[in-house]
Every structure is written in structure tokens, then in C-alpha cells.
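Notes for the one structure printed next.
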Amino acid sequence: MRLVSSDLDAEVAGSSQGDTLQVSAWRDGSLLVPALDVTAWSLGWDVSRDVQGQASFTVSDPDGTLSPWGMGDPLGPGGSQLIFSWKSGISGLRVPFGPWRIRTALPAEQWLVYGTSRGPIRVSGGSKVQITADEAVMASASICRMDGESVPVGATVYAELQRILRDYGAVDTTLAPPDETIPSTYVYPESRTAAVGDLLDMISAVGRSGPDGALQVVPMAGVGPVWTIQGDAGGALVSFDRKLSDAATYNAATSKGTADDGAPLVGRAYLTTGPLAWGGPFGKVPEFHQAIAKTQGGVDADARTLRDHQITSGTIDLPVTCLAHPGLQPHDLVTVVAPTVAGDIPLVGRAVAMAWASAQSDKGITPGKMMTLSVRVSTDLLEAVAAQVRRG
Amino acid sequence: MADLGVNVRPGVVVAAGTALAVNVDGAVYASPWWGSYVPVERDNVRVLLCAGEATILGPTITGPRAMTGTVAGTASVGLLPVTIGTDTIQCRYVGTAPSIGSLVLLSWESTTPWVIAAAAAYTPPGTFGGSSAPSAPSATMSGVLHMPAVTTGSYRSADGWGSPGSRGGMSLSAVVQGTAPGSSYAYSGAAFYGAQANQIAGATWDTAQIRLGQRLEVGSNNSALTLHVYVHTSPDKPSGDVSRVAGPYDYTIAAHAGAQEIGPLPSGCYNTLAANGGISITGSPYLGIVGLDVDPASFQLDVGWHRA
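One line per chain: the protein sequences are A and B, in this order. Using my numbering, you'd call the opening residue of the first sequence number 1 and step up by one each time. Using my numbering, you'd call the opening residue of the second sequence number 1001 and step up by one each time.
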């Protein structure tokens, strides 16, 4: 959660009035435009992307002064950033979204031509600038590739995350799992985002952008539950679907590693119960993982962790439409109260994709009251629901 | 031919009937072997998997191997102890074992080396020229980190960080110290920076300045007043007031002052700020600075730093 507040949860479930998205433009740490006139926007997150958060804004520029020509202009894609916050029109609560790096700018400028004694002159007739922006730290990391970087002997994951990202932003390990030493044989890929992904994988963690823009390191299983989405009066659930697929569903984990003397290590763990049991009708479906462990016990444990992660953190994505919660972040756990023929059943899942956009109302442009979520739940959980529904 | 991609995997040499093979993650490959390698059972090897074919490259070791060693003892069951630096390894030999203390050439075609006596002592001609090794792009060793406040607000015991309607029109993000006329509850303002200071973790802080937004037109707004600046320990807004651990550092704010930079703060508070602390203002007189609603750069912390 970007902001943990029961007041905010109540506002999300209640009615809204006069909410705004306050957007400012920055370059090199200096505030250039305190308040942009944003006429439309959309925000989207997907944890399967290197850069999870991607946004688009349409900025009104009545006198043409903001429409960029140069890469270094305030709204040019040469390193300028947008920092924005959602602000409640009722309570004045603010939810910060951190800095987002401008990636493209598309000004559409019009001209007025006046005849003067010295001939016709052109005056800007105003412009609209369409901007796409990505969450700043990972956006910068995605274009600033690694050059001549190697892991210092004995370095740990957090020290290296901090070091390879220190020109682009901060790393926040407040919620992170325990640190580990990086294997001496690991070499960095050329892509900085892939290097970040490798380091996070070594500690069974995932990343997301915090309200301060820092890369937040959180456990793979998610954080929370932070919010309950239910369909009763006063609830936040609008619609709820389910789509079952065997894609990215596994019932075994194979972890591979190498001991210090070069000896190969393989650990395997199997799912032995339930409808997806190894060797049952679902088949034998392994997931492979490169472990940092250097002992047989280590790769065995890594395989068990991976298998348990398959069970607990889930593989089935439920499309949910709910009232928009500005505090919700990717990898937050939410409780979706699913309506079934056997009654309401709470399902705890992880938000893996989110989309939220502005809406046109009689108050002008306001943040939309609805957002769409993909909530990843475990097959075990759905099986329990199935059992309850079958029992009636 | 199925495409396996190109992969190098660790393997171990195992017996396969009367011959030798290599086991990679449970799969067993018999050939081909790299020519100059003489395999022995239980050797740790690397195997190149490419275009549907496994090539056994040879044994892997942690450090580079030595060319020569010194005989350390007498031979036993066909093995001769030889020291290389501080390590002693067991080697095979031909004919009569070389005498203790003699320098021998080591032949490494298999993981157990053979000794060939006697090697003449040798002095390498100078060192390898260091200037020819490529260097990586230089790292940034100093700079100024601009940390905009993530959240600003003011706490008082009556209504915490504020709730709808409780502040009589004053923005919840305004940063205020002192007691408003007619009220009996004093404000303590604060700015929070999240984990942004981690970006320069390990660096030395040289200066820290605060860029204030314009002064709020409240209280004795026509007089210059003293702002009491403290440093607190919270990265995010706590449920109660912040814990102030350093200060006050007093700065005079002119009547109707616009945005301005104050500081540098004394260096004694830098460790707290580097540990993701923040800025607080408290005490009399009643004085306020606009918050993030009005000026997104209000209470921005500008930190000059360098790395050794």
C-alpha cells in the first residue's frame, strides 16, 4: 500500500467528489512545472513487465510554452520526470505515486497567423502534448545498460542492488526477505533490469516502485492482505470473473546449482496431493530454477521453496473490476470476497496487474471511480472453493 | 535436430558399464570428450550442450593450476605428495619418485597430475603490462541528490495529522509550527522522504539544505519569525507525532517570504537523515510553510555528497 489509512479505505468504498491527480514536471532534481493541466490520463501496472508501471498523460498547453522541441525541454524525453499524487476532494488526503520518467512526447500544436506591418507572424494557438511515462527507476535501468560491471567477491544481494541502481534511484528493503551472498560464479547480463531480476530471484523476492519512487523489494508471495474487496452494499467489488488455464501451472520444481568445487547439484520437489498431483491426470509439469545454493541440502530446500511458492502464491489470474484504490500497489495481497452458489467465499490473491484511468464527469476530468485488477490466486484455494460449491 | 540452445552445464563423470560417461542433472552422455582431457570417475566437468550434441569440455577447478610444485614427502601406494604454495596434492609419477625438495613439472591432463622431474628454477621476465587491460566506465563519485518530500503535514494532539474539515480550510499538507490564535493545540509540521536517501548509501554527506516553499499567510504574517527546524526518524507519516532527535536549528523567515533555500543543516544530523529520517518544525511562534499541494518542491532536501 502506498498509503495505509482506514480513512482512505472508507473514501474508496464511499462516494467521491472533486478528486484530482496533481502532476508536476521535474528535470535533474529541479521543479520546472508545479502543476500541469492534465486533461486525460491512464495508469497501468503489470508485474510481468521489466518496467511495471506505464502511464499516458494528455497535457493541455494553451500558450504552447510546454510543447517540447528539444530532448532537454521540461516535457521532453531526455530524462525529465513527472511526479504525481492523487488527492482526495473530500478529505485532502494525498497518495504519492513517485517519479515517472517521460519516454515519449507527442505535441500537437496549432498556429494563428496575424498580418502585421512587417508581414505575417505566427503565434501559438495552443497545444496538447501526449506523454507516455514509466516508473522512473526501472525505466532508467531499462535503457542504461550494464557496461564493464562485475560482482565484487563476497557481495550481498542488497549491496549490489543498491550499487547497480545508485545512479537511478534508491532501493527500499524494509519489507524484504533476508539477504544472501551472491555466488562467486555469477556474472551480470548486459541488461540492467535483467540483472535486477537475477538478484531479486536469488532471495525469492520481487520488486515494485514505492510512493517515494524507490525500488521496493518484497517477498515473492506478496504483502498483506491489505484490502478486502467485497460485493455487499458499501463494498468495493464491481465484477469478478474467473479464467482457468494450464499455462504457467506446475506440479514439480527442479532446482539446479553448482558446488564450490564445480560439482553439479540438482534438487527436486513434487506436488503429491490434490488434483494437480505429479503423475496424475494433469501430468508431470516441472518448473526449472537456477539456485544460488552450493550444497545438496541447499538445492533441495530451493526446490521445496519453489514448489511451495507454486502452491501458495498462485498461478490462476482472476479478472476483477472494483472501485479504484489509489493506494494499491502491484504484489499487494487483496481479499476478494467471491460470490458463489455456496455463499461468499474470501479468496486471498496477489495483485499482478492493475489499470486505472481518468473519467469525464460533470466536474471535468477526475480520476475514474473504477479500476481493473488481475488477482493471482492459488490452485489450492480454487480447489477449496470447488469442493465447497460441489458440496453445496 | 531439435534445438537445445547453447548451454554449459556442470556434470560429473560416472561409470557406464566398462566405459566412462558424464551425468548432467540425471541425464547420461557418453561422448564426445575433449581430446586433451583424461577423465577419471567422480571428476566435476563442464558439458557444452549445443545443437542437440553434448561435448564434454573438461574438469572445472576453482583457481588456475600451477605449472610446477615441490616434492614434500615420500611416495605411498603410487602417489607422491607435492606442495604448491600452501596446498599439498597427491600426484602420480613415472619410474623412481623424485627426491624430497626437488622442483617438478606437473602434467594436468587428468585431475590427478603426473610429475616430471626435475624442473629447473625459473624467474619470469618482468610482470604483465597492466596498462593494456581495459577499464570500465568511471563511477560517479560526487554529486547533489535532490530529494523532494514524499509527504508533508502537520500533527497536533487534537486531530492528529488532520481530518476532513478539521483545519478550517488550511491544506492537510501545510507544514506548520506553533499554536493558531484561538486554539489550545500546537502544530508540529513534518516532511517525509521515504527511502530516497538509500540512493547514496555509504556516501559521505557534505551539505544538506532545505528548499522551502513560500510562507503561509497566517499568524503574524507581517513580521519576520523564527522557524525551529528539527530532524526526525520516520521515513513515512507515523500514526502519532514524529520523534525529533536533533535540533532546533533556527532560521528567520521574512514576512511574505517566497520559496527559498535554508541551511546548510549542521552535520550532526546527517546520519539520521541518511537513515531515511525527515524534517520537522515545532515550537512558538505560529508560522507555516506551504505543503506539497501548493508547491511540490516544498521541503525538498538537497544533499551534496561524495564517495571515497
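The beta carbon of each residue, even a glycine, is placed where N, CA and C say it ideally should be.
Taking a beta-carbon distance threshold of 9 angstroms, Gly1182/B does not count as an interface residue toward chain A. With fewer than 16 neighbouring CB atoms inside 10 Å of its own CB, Ala387/A falls in the exposed class. DSSP places Thr1123/B in no alpha helix (DSSP H); its state is neither H nor E. Residue state for Met1147/B is assigned as strand, using DSSP reduced to three classes. Taking the Cα of His309/A as reference, the smallest distance to any Cα among His289/A, Ser361/A and Leu318/A is reached at His289/A. Counting the other CB atoms within 10 Å of its CB gives Tyr1185/B a total below 16, which places it among the exposed residues. Contact with chain B is absent for Ala176/A, since none of that chain's Cβ atoms lies less than 9 angstroms from the residue's Cβ. Excluding five sequence positions before and after Trp111/A, the CB atoms of its chain that fall closer than 6 angstroms to its own CB belong to Arg122 and Gly125, given in chain order.
By the CB criterion at 9 angstroms, Asp50/A and Glu109/A fall outside the cutoff. At the C-beta level, Gly1278/B and His1228/B stay beyond 9 angstroms of one another.
For Trp1205/B, the closest alpha carbon among the candidates Ala1097/B, Thr1068/B and Ala1308/B is that of Ala1308/B.
Counting along the chain, Glu287/A sits inside the beta strand (DSSP E) bounded by residues Pro286 to Gln290.
DSSP places Val299/A within a helical segment (H, G or I) once states are collapsed to three.
When the alpha-carbon of Thr1062/B is set against those of Ala1054/B, Thr1074/B and Val1045/B, the nearest one is in Val1045/B. Of all residues in the stretch 149-161 of chain A, those with a C-beta nearer than 9 angstroms to a C-beta of chain B are Glu149, Ser150 and Ala159, reading in chain order. The bridge partners DSSP lists for His1228/B are Asp1250/B. If you draw a 10 Å sphere on the C-beta of His1256/B, you find fewer than 16 other C-beta atoms in it, and that means exposed. Remark: C-beta atoms of Pro1113/B and Ser1107/B approach each other more closely than 9 angstroms.
Taking a C-beta cut-off of 8 angstroms against chain B, the contacting residues of the stretch 83-96 of chain A are Ile83, Ser85, Lys87, Ile90, Ser91, Gly92, Leu93, Arg94 and Pro96, listed in chain order. Using a Cβ-Cβ cut-off of 9 angstroms, Gln1199/B counts as an interface residue toward chain A, since at least one Cβ of chain A sits closer than that to its own. Inclusion of Pro107/A and Val129/A in the CB contact set at 9 angstroms is warranted, their separation being smaller than that value. In terms of CA proximity to Thr1233/B, Asn1276/B leads the group Asn1276/B, Ser1239/B, Ser1135/B and Tyr1251/B. The three-state reading of DSSP puts Ala1190/B in strand, counting E and B together.
When DSSP reads this structure, Pro96/A sits in a beta bridge with Ser85/A.
If you check each beta-carbon in the stretch 1169-1180 of chain B against every beta-carbon of chain A, the ones closer than 7 angstroms belong to Ser1171, Leu1172 and Ser1173. Pairing Ile203/A with Val157/A, the inter-Cα distance amounts to about 8 angstroms. In the structure shown, Asn1222/B adopts coil according to DSSP, grouped into three states. In this structure, DSSP gives His309/A a helical state, which the three-state scheme calls helix. When DSSP states are grouped into helix, strand and coil, Gln22/A belongs to the strand group. Between Val1071/B and Leu1079/B, the beta carbon gap of about 12 angstroms keeps them out of contact (Cβ cut-off 8 angstroms). Following the DSSP letters along the chain, one finds Ser142/A in no beta strand (DSSP E) but inside the alpha helix (DSSP H) bounded by residues Ala136 to Ile143.
Straight-line measurement puts the Cα of Gly1011/B at about 10 angstroms from the Cα of Ala1021/B.
Within the same chain, and ignoring the five residues on either side of Asp7/A in sequence, the residues whose Cβ sits closer than 8 angstroms to its Cβ are Ser91 and Leu93. Taking Leu347/A as the centre and dropping the five residues before and after it, the same chain places the C-beta of Val336, Ala338, Val377 and Leu381 closer than 6 angstroms to its C-beta, in chain order. The criterion of a C-beta distance shorter than 9 angstroms is satisfied by Arg1211/B and Asp1302/B. Here the alpha carbon of Ser1142/B sits roughly 22 angstroms from the alpha carbon of Phe1299/B.
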